[in-house]
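Enquirer: Below is one structure. I have some questions about it.
Protein chains: 2
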Amino acid sequence: MKLGEGVEAAIHCAAMLAGIDGNSTMSGAAMAEAFGLSPSYLLKHLNQLTTARILESVPGPAGGYRLARPAERITLLDIVLSVEGREPAFRCGEIRQRGPVRLDASAYVKPCGINTAMLKAERAYRAALAEAKLSDIVADFMNDADPRTVAASCAFVERHQRPQKNQSNQPNQQA
Amino acid sequence: MKLGEGVEAAIHCAAMLAGIDGNSTMSGAAMAEAFGLSPSYLLKHLNQLTTARILESVPGPAGGYRLARPAERITLLDIVLSVEGREPAFRCGEIRQRGPVRLDASAYVKPCGINTAMLKAERAYRAALAEAKLSDIVADFMNDADPRTVAASCAFVERHQRPQKNQSNQPNQQA
DNA sequence: GATTCCGTACTCGGATAATCCGTGTCCGAGTGCTCCGGG
DNA sequence: CCCGGAGCACTCGGACACGGATTATCCGAGTACGGAATC
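So the protein sequences, as listed, match chains E and R.
92 is the number that the numbering used here gives to position 98 of the first sequence; each next residue is one higher, with no gaps.
62 is the number that the numbering used here gives to position 68 of the second sequence; each next residue is one higher, with no gaps.
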């Protein structure tokens, strides 16, 4: 039971992207610099988020990444599943029927009780993650965190965000 | 987020050991045969359970493994933590302060909100696992599972359990 | 015949290789800007 | 002076090595039983 460290990077990047204006973008290199990560490797995880329709990518110069939908509709569960995979952590290998005694298949129609219990726990885990909206993460950060870190983050965003002209120069704010 | 497959084997073995009489034991080789696993490798996981004081091992001929305490006092959380390690799945690397901007350490006394959210979800996961007692797993299996599998399991246990004489040669039969 | 000693067989335990996944890096495809030449 | 096109720089995207952890295996330490020799 160990999550890859890419999860942390993905959530931080998503939270930072939640703070940019309208449809502006931020390059992966900028975010990699902000967190001291390998740019090439961060792209890999950002690409997973893009595939999962959580982020949108804009190619070309002045391109970058952007949230695909409002932060209110993005949960930590979405991000975690995108990076770590959607399949549950506990995979029942049905070792109960691997023994030398070979019963009829009809004896195994009922699911394994152990699998049921483990999946129930995992549902609780995912439910807790599904209730954590990205907007809540950002709001809590803005309210509770040290004002210096908030100011530093906002300054970094202001400095690295890149407005996009093609879609709308009067951004459709959905906040 | 992926659990090792040893977890499944460990839980199945613990459940099987919950069905043996009194202080009898069952050899690791027998359990490996029951689930079609590598005997040498299963020993590794059983050893982890022994180190965690969940199982007791009896060396020598007619030796084997045995629950260290009643099944009512063993939870799935105990087993999972023993095999997978006690540290949480999400480890906050504090990448928020790895950037080029180096603020004073006093700015980071508040814990990272992302870490808080992830750990909260993991607490829910562990709480659900802590409520699943091994005795409940066995009881549900006895009641709900297919009678053929129950009979087969009981027969296997009867055939492979080895009574221990040193502690009591009149075993308290509860069958 | 009883006792004691030794050998054996069986068990768990830890140390040792092979394999898979996560980590990290690199290079290529695509796009928009920019500069230069022509009209 | 205006327009068109080629070149270029920057971006993301996917393909390619490396390391560590998990998986799998083997051999050694320890113990109880069984048999045989001895008293």
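Note that beta-carbon positions come from the ideal geometry of N, C-alpha and C, so glycine has one too.
Measure the CB-CB distance between residue 56/E and residue 156/E and report whether it falls below 8 Å.
Expert: Residue mapping note: residue 56/E aligns to position 62 of the first sequence, counting from 1. Residue mapping note: residue 156/E aligns to position 162 of the first sequence, counting from 1. Yes, the pair counts as a contact, with Cβ atoms nearer than the cut-off.
Enquirer: In the stretch 132 to 151 of chain E, which residues sit with their C-beta less than 8 Å from some C-beta in chain R, listed in chain order?
Expert: So the close ones are 134, 135, 138, 139, 140, 142, 143, 146, 150.
Enquirer: Output, in chain order, the set of chain R residues within a Cβ distance shorter than 8 Å of residue -1/E.
Expert: Taking the first residue of the first sequence as 1, we reach residue -1/E at position 5. Going along chain R in sequence order, the residues near residue -1/E (Cβ under 8 Å) are 85, 87.
Enquirer: For residue 108/E and residue 107/R, which I take to be in contact (beta-carbon distance under 8 Å), what is that distance rounded to the nearest angstrom?
Expert: Residue 108/E sits at position 114 when you count from the first residue of the first sequence. Residue 107/R sits at position 113 when you count from the first residue of the second sequence. Their Cβ separation, rounded to whole angstroms, is 35 Å, which puts residue 108/E and residue 107/R out of contact at 8 Å.
Enquirer: Would you check if the stretch 131 to 143 of chain R and the stretch 13 to 27 of chain E touch, i.e. whether three or more CB-CB distances between them fall below 8 Å?
Expert: Touching, no.
Enquirer: Decide if the stretch 72 to 91 of chain R is in contact with the stretch 135 to 153 of chain R; the criterion is three or more beta carbon pairs, one per stretch, under 8 Å apart.
Expert: At 8 Å Cβ cutoff, the stretches do not touch.
Enquirer: Using the rule of at least 16 other Cβ atoms within 10 Å of the residue's Cβ for burial, across every protein chain shown, is residue 35/R buried or exposed?
Expert: Your numbering for residue 35/R matches position 41 in the second sequence. Exposed, since its Cβ has fewer than 16 Cβ neighbours within 10 Å.
Enquirer: Just to make sure I have the definition right: I need the residues of chain E whose C-beta is within less than 7 Å of the C-beta of residue 170/R. Which are they?
Expert: The structure shown does not extend to residue 170/R, since chain R is modelled only from -5 to 169, so the question has no answer here.
Enquirer: Would residue -4/E pass as an interface residue toward chain R - the criterion being a Cβ-Cβ separation below 8 Å?
Expert: By 1-based counting over the first sequence, the position of residue -4/E is 2. Interface residue, yes.
Enquirer: In whole angstroms, what is the alpha-carbon distance linking residue 21/E and residue 76/R?
Expert: Your numbering for residue 21/E matches position 27 in the first sequence. Your numbering for residue 76/R matches position 82 in the second sequence. One C-alpha to the other measures close to 42 Å.
Enquirer: Judging by CA-CA distance, which residue of 4/R, 112/R, 138/R is the nearest neighbour of residue 46/R?
Expert: As a working mapping, residue 46/R is identified with position 52 in the second sequence. Taking only the C-alpha atoms, the option nearest residue 46/R is 4/R.
Enquirer: Using the three-state DSSP reduction, which class does residue 13/E fall into: helix, strand or coil?
Expert: Along the first sequence, read from residue 1 onward, the residue named residue 13/E stands at position 19. It is coil, neither helix nor strand.
Enquirer: May I ask you to report which of helix, strand or coil DSSP gives residue 76/E?
Expert: By one-based count along the first sequence, residue 76/E stands at place 82. Three-state result, residue 76/E: helix.
Enquirer: Count the other CB atoms within 10 Å of the CB of residue 151/R; is the residue buried (16 or more) or exposed (fewer)?
Expert: Here residue 151/R is taken as the residue at index 157 of the second sequence, counted from 1. Buried.
Enquirer: Tell me the DSSP bridge mates of residue 127/E?
Expert: In the first sequence, counting from the first residue as 1, residue 127/E sits at position 133. Answer is 69/E.
Enquirer: From the DSSP output, read off the bridge partner residues of residue 18/E.
Expert: Sequence index remark: in the first sequence, residue 18/E carries index 24 (1-based). Partner(s): none; residue 18/E has no beta bridge.
Enquirer: Identify the continuous beta strand (DSSP E) that holds residue 152/R and give its terminal residues.
Expert: The residue given as residue 152/R occupies position 158 in the second sequence. That residue, residue 152/R, is in no beta strand (DSSP E); its alpha helix (DSSP H) goes 141 to 154.
Enquirer: Tell me, to the nearest whole angstrom, how far the beta carbon of residue 104/R is from that of residue 66/R; I am working on the premise that it is less than 8 Å.
Expert: Numbered from its first residue, the second sequence carries residue 104/R at position 110. Numbered from its first residue, the second sequence carries residue 66/R at position 72. Actually they are not in contact, since the Cβ atoms of residue 104/R and residue 66/R sit about 41 Å apart, beyond 8 Å.
Enquirer: Excluding the 5 residues preceding and the 5 following residue 72/R in the sequence, name in chain order all residues of the same chain whose CB lies nearer than 8 Å to its CB.
Expert: Residue 72/R sits at position 78 when you count from the first residue of the second sequence. Excluding residues within five positions, the ones whose Cβ falls inside 8 Å are 46, 48.
Enquirer: At a cut-off of 7 Å, would you count residue 43/E as near the ligand SAH, judging by its Cβ distance to the nearest heavy atom?
Expert: Ligands displayed in this structure: none; no statement on the ligand SAH is therefore possible.
Enquirer: Apart from the five residues just before and just after residue 158/R, which ones in its own chain have a Cβ nearer than 7 Å to its Cβ?
Expert: Walking along the second sequence from the start, residue 158/R turns up at place 164. For residue 158/R, where only same-chain residues beyond five positions count, the Cβ hits under 7 Å are 17, 18, 19, 52.
Enquirer: Buried or exposed: which applies to residue 13/E, given that a residue is buried once 16 or more other Cβ atoms fall within 10 Å of its Cβ?
Expert: Taking the first sequence and counting its residues from 1, one reaches residue 13/E at position 19. By the 10 Å Cβ count, residue 13/E comes out buried.
Enquirer: Say whether chain E places a C-beta atom closer than 8 Å to the C-beta of residue 161/R.
Expert: The residue labelled residue 161/R in the question sits at position 167 within the second sequence. In this prediction, residue 161/R scores a pLDDT of 46, lower than 50, which makes its location untrustworthy; the coordinate-derived value is nonetheless stated afterwards. Output row for residue 161/R: interface = no.
Enquirer: Show which residues of chain E have a CB atom less than 7 Å away from the CB atom of residue 114/R.
Expert: Within the second sequence, the letter at position 120 stands for residue 114/R. 122, listed in chain order.
Enquirer: Since residue 118/R and residue 111/E should fall inside the 8 Å C-beta cutoff, what is the C-beta to C-beta distance between them, to a whole number of angstroms?
Expert: Start at 1 with the first residue of the second sequence, and residue 118/R comes out as number 124. Start at 1 with the first residue of the first sequence, and residue 111/E comes out as number 117. With 8 Å as the limit, residue 118/R and residue 111/E do not qualify as a contact, their Cβ atoms being about 15 Å apart.
Enquirer: Where do the N-terminal and C-terminal ends of the beta strand (DSSP E) with residue 102/R fall, by residue?
Expert: Position 108 of the second sequence, counting from 1, holds the residue named residue 102/R. Note, residue 102/R: premise wrong, no beta strand (DSSP E); not H, not E.
Enquirer: Interface residues of chain E around residue 111/R at Cβ under 7 Å?
Expert: For this step, residue 111/R is matched to residue 117 along the second sequence. Correct list: 70, 126, 131.
Enquirer: By the criterion of Cβ-Cβ separation under 7 Å, what are the contact partners of residue 28/R in chain E?
Expert: Against the second sequence, residue 28/R aligns to sequence position 34. Correct list: 93.
Enquirer: Please list, in chain order, the chain E residues whose beta carbon lies closer than 9 Å to that of residue 31/R.
Expert: Stepping through the second sequence from its first residue, residue 31/R is reached at position 37. The answer, in chain order, is 89, 92.
Enquirer: Does chain E have any CB closer than 8 Å to the CB of residue 104/R?
Expert: In the second sequence, residue 104/R corresponds to position 110, counting from 1. Interface residue, yes.
Enquirer: Measuring alpha carbon to alpha carbon, tell me which residue in 101/E, 136/E, 30/E, 148/E is nearest residue 139/R.
Expert: Here residue 139/R refers to the residue found at position 145 when the second sequence is read from its first residue. Out of 101/E, 136/E, 30/E, 148/E, 101/E has the C-alpha closest to the C-alpha of residue 139/R.
Enquirer: Any idea what DSSP makes of residue 0/E, helix, strand or coil?
Expert: Residue numbering aside, residue 0/E sits at position 6 when the first sequence is read from its first letter. If DSSP states are grouped into helix, strand and coil, residue 0/E belongs with the helices.
Enquirer: Check for me: the beta strand (DSSP E) holding residue 51/E runs from which residue to which?
Expert: Position 57 of the first sequence, counted from the start, is the residue given in the question as residue 51/E. Here the beta strand (DSSP E) through residue 51/E covers 49 to 52.
Enquirer: How is the alpha helix (DSSP H) around residue 40/R delimited, first residue to last?
Expert: Start at 1 with the first residue of the second sequence, and residue 40/R comes out as number 46. Start and end: 33 to 45.
Enquirer: What does the Cβ neighbour count give for residue 83/E, buried or exposed, with the cut at 16 atoms within 10 Å?
Expert: Start at 1 with the first residue of the first sequence, and residue 83/E comes out as number 89. With 16 or more other Cβ atoms within 10 Å, it is buried.
Enquirer: Under the rule that 16 or more other beta-carbon atoms within 10 Å means buried, what is residue 8/R, buried or exposed?
Expert: Taking the first residue of the second sequence as 1, we reach residue 8/R at position 14. With 16 or more other Cβ atoms within 10 Å, it is buried.
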